[in-house]
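Data first, discussion second: the structure below is written as structure tokens.
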Amino acid sequence: MKFQKRTLGSLLIVALLMILAACSGNEEAGKESESKGGAGKSSNQKITIFQSKVEISDQLEALAKEYTKETGVEVEVWGTTGDDYFSQLQIRMNSNQGPSIFSLQNVTEAEKMKSYVYDMDSEGYVKNIAPGMELKVNDKVVGVPYGVEGFGLVYNKDLVKPEDVADYDSFVRTLEKFKAEGINGFGLSKEAYFLIGHISNYPFALQKNHYEYIDELTDGKVTMAETKEFQEFGKFMDAIKANTPSPLDVTYDKEVGDFAAGKSAMIHQGNWAYGMLSDFNVDFEVGMLPFPLMGNDKLAVGVGNNWAINGKKDEAEVKAANDFLNWMFTSEIGQRYIVEEFGFVPALTNIKSDKLDSLSQDVLNASNSGKTIPWALNYFPANIIPNDFAPKAEEFFLSKDMTGKEFIEKLDDAWKSAVK
Amino acid sequence: MSNKSNKWWYLLFTTPLLLIFITVVIIPFLIGIYYAFFEWDGIAANPKVFVGFENFVQLFGDTRFLASTWKTILFTLLAVISVNVVGLVFALLVTSKLRTANAARTMIFMPYLIGGLILGYIWQFIFLDVFTLFGKVTGFDNVFFNWLIDIDYALYALVFVFTWQMAGYIMIIYIAGIQGIPNDVIEASKIDGANGWQRLRKITFPLLMPAFTISLFLTLSSAFKIYDVNLSLTNGGPANSTEMFAMNIYNEIFGYSNYGFGQAKAIVFFFIVAAITLTQVYITKKREVEM
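Sequence lines, in order, name chains A and B.
Just so we're aligned: the first sequence equals residues 8 to 427 in our numbering.
Just so we're aligned: the second sequence equals residues 1010 to 1300 in our numbering.
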């Protein structure tokens, strides 16, 4: 009995000590590799990738396997559900368990992560980025675009002709015509970005310099309500509310599904929607038109995501991460994956793409001919779209008597509360 | 075995639990209090600025937080009443001489086994498709429409789904309470000529007081802390009308990246929940009767 007691006691103490040691030991090791570095061997180097685009996660894993087969470097791809990617990334970085390669959506996110992002200026692949598409912080390139994406009016070529939606008057006439015929003329859906995020980009992007405009807006020097692009945008929103069913009842799936079934003539979407359209085997031709705010004839083309490297990792890991990105952007397999498997419209000039779907082709054509307006929303305050804009848009679509003008004033309030 | 060695056995089994509890609850809570005094965006490498009690002062100027406080209180009030009434009625039904009592018991308890997230998504579908269709077919479209996109009804929808989820669980507690009431007391009352309602009021309810204490505590605290159903059913919408406490805190921290301010909210939230539930337990405990 006595013996048992003593063993039990010492067992307990040992267990306790081990737990404590494990905790503190881990931390030490983590710190060491963060600060010292340079000791790892590249032969058995391992890199990790954490990225937010769910659509390509399987394909990326396949690509990682190809890379391991070719070079022996192990690549681990971490999964995510997409929505809370940035908070996940933040948590991992904070606990010193960050990935070697991660993705950043825009400048605002890059600036938040500026203590981590690796300066890519001297890397070879940076030279191939299409002009103006690189992600920069303090004039240093810190991110390579996944690809370019574009959004606008995705339309059914059997029902709509481009001249039907060339400006405000023709747009409203077209909506009224479709309403009389019992067809949904224009579809939005209830998810924050599809409800208000993308469509609210136009009045910002049509400013002479949208960076300056947004800064002035933040400083309170201008208001949306007094800017003419926004005044017309309010009129557009009025026309949409008056002539189409409420988007709050419509999910992304239903929006695209109704369009594929011919129940909607136009929806506000991007080239990413083609994946779903091809699942439906649509029997008509689809194309993308500019949203005709102030007679705009350009597509909104921009970068949705960028590859960045975690500069806080040790030298060997950073080098391995660079090697991987370089291989992905230059090797035949990597380029094939980017275009065919990921389905991206390449943002690197050294990648050829001739097998694009019709929406992506429209985006690439616009991009090549310079008929593009920027994604000003990349420079919005972080999370303003789901947090502040979407509730106001819901209010607008729910209340029968709120006008477009009042809606713009609400957006002004939303902006103020987001930057306070 | 002697008492002394028993002590070691207790230690062996409680230490791991205690360690886990300390690491995942106590320590984060203390660190959270610490962060509440800083202005910080939640990224380790970025600077933390000490601001003292400013975060707490700022709370009272945050209209969205105050609105969500009011919504949470309203929701909790409605939810506690409806969950307990429905749960108690169910318990009384399935302990009566109902033929299908056992099957009913299982079925009513079932929703509790479904996770809150999934439950929310299922009901989202029901409100969006089933309700609207039913309203169209029967003509009662002023009752059966998509509640989730109506600023006032969305909160009731949340109460409804929460009741659906919790009532079965609360029923189990009431059943245990009802079965604990000695049969001879009931029989004696029958002989004395008490009718069903009198028996319920004078005997069942007073003797159920301990069950009330537990049920009210459980529903109060879980209604206050509701997040999963809130997230999946309405995600705070439409127009922020159903943004409860927990969601407001999450959005503050991860949406706006105000880590310190969000923590301050969380601390205040903790004290509110603690104060309300403790008061409730104190009051109902005093009304418990000894047999």
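C-beta: ideal position from N, C-alpha, C; glycine also.
Quiz item: Taking C-beta to C-beta, are residue 331(A) and residue 74(A) nearer than 8 angstroms?
Solution: Within the first sequence, numbered from 1, the residue matching residue 331(A) stands at position 324. Within the first sequence, numbered from 1, the residue matching residue 74(A) stands at position 67. Taking the C-beta atoms as reference points, residue 74(A) is found nearer than 8 angstroms to residue 331(A).
Quiz item: Quick one: is residue 123(A) near chain B, going by C-beta distance under 8 angstroms?
Solution: For the purposes of this step, residue 123(A) is identified with residue 116 of the first sequence, where counting begins at 1. Yes - at least one Cβ of chain B is within 8 angstroms of the one on residue 123(A).
Quiz item: Quick one: Cα of residue 1094(B) to Cα of residue 1187(B), how far?
Solution: As a working mapping, residue 1094(B) is identified with position 85 in the second sequence. As a working mapping, residue 1187(B) is identified with position 178 in the second sequence. Approximately 15 angstroms, taken between the alpha carbons.
Practice problem: Return the CA-CA distance between residue 380(A) and residue 129(A), expressed in angstroms with no decimal places. | Solution: Numbered from 1 along the first sequence, position 373 holds the residue referred to as residue 380(A). Numbered from 1 along the first sequence, position 122 holds the residue referred to as residue 129(A). Approximately 29 angstroms between the Cα atoms of the pair.
Practice problem: Verify the CB distance criterion: does residue 999(B) have a CB-CB separation below 8 angstroms to chain A? | Solution: Residue numbering for chain B in the displayed model covers 1010 to 1300; residue 999(B) lies beyond these limits and cannot be assessed.
Exercise. Rounded to whole angstroms, what's the CA-CA distance from residue 1296(B) to residue 1206(B)? Just pull it up for me.
Key: For the purposes of this step, residue 1296(B) is taken as the residue at position 287 of the second sequence. For the purposes of this step, residue 1206(B) is taken as the residue at position 197 of the second sequence. About 20 angstroms.
Quiz prompt | Interface residues of chain A facing residue 1267(B) [CB-CB closer than 7 angstroms] | solution = Position 258 of the second sequence holds residue 1267(B). Near residue 1267(B) there are no residues of chain A at all, since even the closest Cβ is about 10 angstroms away, more than 7 angstroms.
Quiz item: Among 137(A), 317(A), 79(A) and 403(A), which has the Cα closest to the Cα of residue 308(A)?
Solution: By 1-based counting over the first sequence, the position of residue 308(A) is 301. Residue 137(A) is the option with its Cα nearest to residue 308(A).
Quiz prompt | Selected residue, minimal CA-CA separation from residue 384(A), among 204(A), 155(A) and 93(A) | solution = Residue numbering aside, residue 384(A) sits at position 377 when the first sequence is read from its first letter. Closest by alpha carbon: 204(A).
Quiz item: Of all the CB atoms in chain B, is at least one closer than 8 angstroms to the CB of residue 390(A)?
Solution: Stepping through the first sequence from its first residue, residue 390(A) is reached at position 383. Closer than 8 angstroms: yes.
Practice problem: Please classify residue 417(A): is it buried, with 16 or more other beta-carbons within 10 angstroms of its beta-carbon, or exposed? | Solution: Locating residue 417(A) in the first sequence gives position 410, counting from the first residue. Looking at its Cβ environment, which holds 16 or more other Cβ atoms inside 10 Å, residue 417(A) is buried.
Exercise. At 9 angstroms on the CB atoms, spell out the chain B contacts of residue 256(A), in chain order.
Key: Here residue 256(A) is taken as the residue at index 249 of the first sequence, counted from 1. Simply 1137, 1141, 1155 and 1158.
Quiz prompt | residue 370(A): first and last residue of the uninterrupted alpha helix (DSSP H) it sits in | solution = Position 363 of the first sequence, counted from the first residue, corresponds to residue 370(A). Unbroken alpha helix (DSSP H) run through residue 370(A): 365-375.
Self-check item: Sequence-distant residues of the same chain with beta carbon closer than 6 angstroms to residue 388(A), five excluded per side
Solution: Taking the first sequence and counting its residues from 1, one reaches residue 388(A) at position 381. Correct list, in chain order: 425 and 426.
Quiz prompt | Any 3 or more C-beta pairs closer than 8 angstroms across the segment 1068-1086 of chain B and the segment 1140-1153 of chain B | solution = no
Quiz item: Where residue 355(A) and residue 1116(B) are concerned, what is the direct C-alpha to C-alpha distance, given to the nearest angstrom?
Solution: Counting from 1 along the first sequence, the entry for residue 355(A) is found at position 348. Counting from 1 along the second sequence, the entry for residue 1116(B) is found at position 107. For residue 355(A) and residue 1116(B), the distance between alpha carbons rounds to 58 angstroms.
Exercise. Could you confirm whether any beta carbon from chain B is found closer than 8 angstroms to the beta carbon of residue 94(A)?
Key: In the first sequence, the residue the question calls residue 94(A) occupies position 87. Yes, because at least one Cβ of chain B sits closer than 8 angstroms to the Cβ of residue 94(A).
Quiz item: Does the segment 1229-1245 of chain B come close enough to the segment 1094-1106 of chain B that 3 or more CB-CB pairs lie under 8 angstroms?
Solution: no
Quiz item: residue 119(A): buried (16+ other C-beta within 10 angstroms of its C-beta) or exposed?
Solution: As a working note, residue 119(A) is residue 112 in the first sequence. Residue 119(A) should be labelled buried.
Quiz prompt | Candidates 1264(B), 1250(B), 1233(B) and 1244(B): closest to residue 1281(B) by CA position | solution = Locating residue 1281(B) in the second sequence gives position 272, where the first residue counts as 1. Per the Cα distances, 1233(B).
Practice problem: Put residue 1018(B) into one of helix, strand or coil per three-state DSSP. | Solution: Position 9 of the second sequence, counted from the start, is the residue given in the question as residue 1018(B). The answer is helix: DSSP assigns residue 1018(B) an H, G or I state.
Exercise. Work out the CA separation of residue 362(A) and residue 150(A) for me, nearest whole Å.
Key: Indexing the first sequence from 1 puts residue 150(A) at position 143. Indexing the first sequence from 1 puts residue 362(A) at position 355. In this structure, the straight-line span from the alpha carbon of residue 150(A) to that of residue 362(A) is close to 26 angstroms.
Practice problem: Answer with yes or no whether the minimum CB distance from residue 1050(B) to chain A is below 8 angstroms. | Solution: Locating residue 1050(B) in the second sequence gives position 41, counting from the first residue. Answer yes: the Cβ-Cβ gap between residue 1050(B) and chain A drops below 8 angstroms somewhere.
Quiz item: Where do the N-terminal and C-terminal ends of the beta strand (DSSP E) with residue 111(A) fall, by residue?
Solution: The residue you call residue 111(A) lines up with position 104 of the first sequence. Counting along the chain, the beta strand (DSSP E) containing residue 111(A) begins and ends at 108-111.
Quiz item: Of the residues that make up the segment 1119-1130 of chain B, which ones have a beta carbon closer than 8 angstroms to any beta carbon in chain D?
Solution: Protein chains A and B are contained in the structure displayed, whereas chain D is not.
Quiz item: Which stretch, first to last residue, makes up the alpha helix (DSSP H) that contains residue 1262(B)?
Solution: To locate residue 1262(B), count along the second sequence from 1; it is residue 253. Per DSSP, residue 1262(B) lies in no alpha helix (DSSP H) segment and is marked neither H nor E.
Quiz prompt | Cutoff 7 angstroms; reference residue 1128(B); Cβ partners in own chain excluding five residues on either side | solution = In the second sequence, residue 1128(B) corresponds to position 119, counting from 1. Contacts found: 1120, 1170, 1174 and 1238.
Self-check item: Residues near residue 220(A) by beta carbon distance below 6 angstroms, same chain, minus five either side
Solution: Here residue 220(A) is taken as the residue at index 213 of the first sequence, counted from 1. Cβ neighbours of residue 220(A) beyond the five flanking positions: 214.
Quiz item: With a cut-off of 8 angstroms, does the C-beta of residue 1239(B) fall near any C-beta of chain A?
Solution: One-based indexing of the second sequence puts residue 1239(B) at position 230. No, because no Cβ of chain A sits closer than 8 angstroms to the Cβ of residue 1239(B).
Practice problem: Confirm, please, whether the CB-CB distance from residue 1289(B) to residue 1216(B) is below 8 angstroms. | Solution: In the second sequence, residue 1216(B) corresponds to position 207, counting from 1. In the second sequence, residue 1289(B) corresponds to position 280, counting from 1. Contact: no.
Quiz item: Between which two residues does the alpha helix (DSSP H) containing residue 54(A) stretch?
Solution: Translated into positions along the first sequence, residue 54(A) becomes position 47. Counting along the chain, residue 54(A) sits inside no alpha helix (DSSP H); it lies in the beta strand (DSSP E) bounded by residues 53-57.
Quiz item: For chain A, is any of its Cβ atoms less than 8 angstroms away from the one on residue 1061(B)?
Solution: Residue mapping note: residue 1061(B) aligns to position 52 of the second sequence, counting from 1. So, not an interface residue.
Exercise. Consult DSSP for residue 161(A) and reduce its assignment to one of helix, strand or coil.
Key: Here residue 161(A) refers to the residue found at position 154 of the first sequence. Reduced to three states, the DSSP call for residue 161(A) is strand.
Practice problem: Answer with yes or no whether the minimum CB distance from residue 97(A) to chain B is below 8 angstroms. | Solution: Mapped onto the first sequence, residue 97(A) falls at position 90. Output row for residue 97(A): interface = yes.
Quiz item: Can the beta-carbon of residue 153(A) be found closer than 8 angstroms to that of residue 314(A)?
Solution: Start at 1 with the first residue of the first sequence, and residue 153(A) comes out as number 146. Start at 1 with the first residue of the first sequence, and residue 314(A) comes out as number 307. The answer is yes: Cβ separation under 8 angstroms.
Quiz item: Taking DSSP as the reference, what is the three-state secondary structure of residue 214(A)?
Solution: The count along the first sequence starts at 1 and reaches residue 214(A) at position 207. It is coil, neither helix nor strand.
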